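Trainee:
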Amino acid sequence: MNIKQLEHIGIAVKSLDEAIPYWENVLGLKCYNVEEVADQKVKTAFFKVGEIKIELLESTSEDGTIAKFIEKKGQGVHHLAFAVDNVENALAEAESKGVQLIDKAPRLGAEGLSIAFLHPKSTLGVLTELCENKNK
Ligand code: ZN
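Residue 336 is where the sequence shown starts when you use our numbering, and the numbers rise one by one after that.
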């Protein structure tokens, strides 16, 4: 597949209100967008580091995937997101190479991106998101 760049790093946090001050006051980065993605039961906060974004993820529900992740592993790095030319094609290619997919088809993610996840069982433990900006 044609990966163009690392688009963002997703980080699971218990609370955006607690996490954002660390990123802003200690690391000196500016939160430029906070957005709820109801479909995924998360509230997200975004920072830019050069061309790469940091996406903080807070669960909006006790049974959300982020809540479950934190329960099992604690807060921390949750996923890597790669920008690709075409998510549908990238998914088909991954599947044809034996990768287990979490999303069989792309769905709408934060910032209007079309996104899909590959299962960490097939990616050596790294939850991998493929994303495409269809608004470009
Ligand atoms: Zn993400």
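All residues carry an ideal CB built from backbone N, CA and C; glycine is no exception. In this text the structure is predicted, and so the values were computed from the model without any measurement.
Find the nearest neighbour of V419 within the set E393, L465, L392 and I401, judged by alpha-carbon distance.
Mentor: Numbered from its first residue, the sequence shown carries residue 419 at position 84. The option with the nearest alpha carbon to V419 is L465.
Trainee: Looking at the secondary structure, which residues open and close the alpha helix (DSSP H) in which V434 lies?
Mentor: Numbered from 1 along the sequence shown, position 99 holds the residue referred to as residue 434. It is not in any alpha helix (DSSP H) - V434 carries neither H nor E in the DSSP assignment.
Trainee: As a quick exercise: from N424, N421, E446 and K456, pick the residue whose alpha carbon is nearest that of I437.
Mentor: Counting from 1 along the sequence shown, the entry for residue 437 is found at position 102. The shortest Cα separation from I437 among N424, N421, E446 and K456 belongs to K456.
Trainee: Do L351 and V369 count as a contact pair if the criterion is CB distance below 9 Å?
Mentor: For the purposes of this step, residue 369 is taken as residue 34 along the sequence shown, with counting starting at 1. For the purposes of this step, residue 351 is taken as residue 16 along the sequence shown, with counting starting at 1. Cβ atoms of V369 and L351: closer than 9 Å.
Trainee: Can you list, in chain order, the residues of its chain with a C-beta nearer than 6 Å to that of K469? Leave out the 5 residues immediately preceding and following it.
Mentor: Position 134 of the sequence shown, counted from the first residue, corresponds to residue 469. If we look at K469 and ignore the five residues flanking it on each side, its Cβ neighbours are S449.
Trainee: How is the beta strand (DSSP E) around T463 delimited, first residue to last?
Mentor: In the sequence shown, counting from the first residue as 1, residue 463 sits at position 128. T463 to E467 is the extent of the beta strand (DSSP E) around T463.
Trainee: Would you tell me roughly how many angstroms separate the C-alpha atoms of N424 and E371, rounded to the nearest one?
Mentor: Along the sequence shown, read from residue 1 onward, the residue named residue 424 stands at position 89. Along the sequence shown, read from residue 1 onward, the residue named residue 371 stands at position 36. For N424 and E371, the distance between alpha carbons rounds to 27 Å.
Trainee: Please determine whether the Cβ atom of A429 lies at a distance below 8 Å from any heavy atom of ligand 1.
Mentor: To locate residue 429, count along the sequence shown from 1; it is residue 94. Checking the Cβ of A429 against ligand 1 gives no.
Trainee: Do Q375 and G444 have their CB atoms nearer than 9 Å?
Mentor: Reading the sequence shown from its first residue, position 40 is the one you call residue 375. Reading the sequence shown from its first residue, position 109 is the one you call residue 444. Yes, these two residues count as a Cβ contact at 9 Å.
Trainee: Can you tell me where the alpha helix (DSSP H) with L391 in it begins and where it stops?
Mentor: Working through the sequence shown from its first residue, we reach residue 391 at position 56. Looking at the DSSP string, L391 is not in any alpha helix (DSSP H); the run it does join, the beta strand (DSSP E), is I387 to S394.
Trainee: Do you know offhand how far R442's Cα is from F452's?
Mentor: The residue you call residue 442 lines up with position 107 of the sequence shown. The residue you call residue 452 lines up with position 117 of the sequence shown. Near 10 Å, if we compare the C-alpha coordinates of F452 and R442.
Trainee: Using three-state DSSP, classify A347 as helix, strand or coil.
Mentor: Residue mapping note: residue 347 aligns to position 12 of the sequence shown, counting from 1. Of the three classes helix, strand and coil, the one that applies to A347 here is strand, per DSSP.
Trainee: Let me check understanding here. Comparing Cα to Cα, which of A373, T395 and K365 lies closest to F381?
Mentor: As a working mapping, residue 381 is identified with position 46 in the sequence shown. Measuring from the Cα of F381, the nearest candidate turns out to be K365.
Trainee: Which residues share a DSSP beta bridge with Q340?
Mentor: As a first step, residue 340 must be located in the sequence shown, where it is residue number 5. DSSP output for Q340 lists A418 as bridge partner(s).
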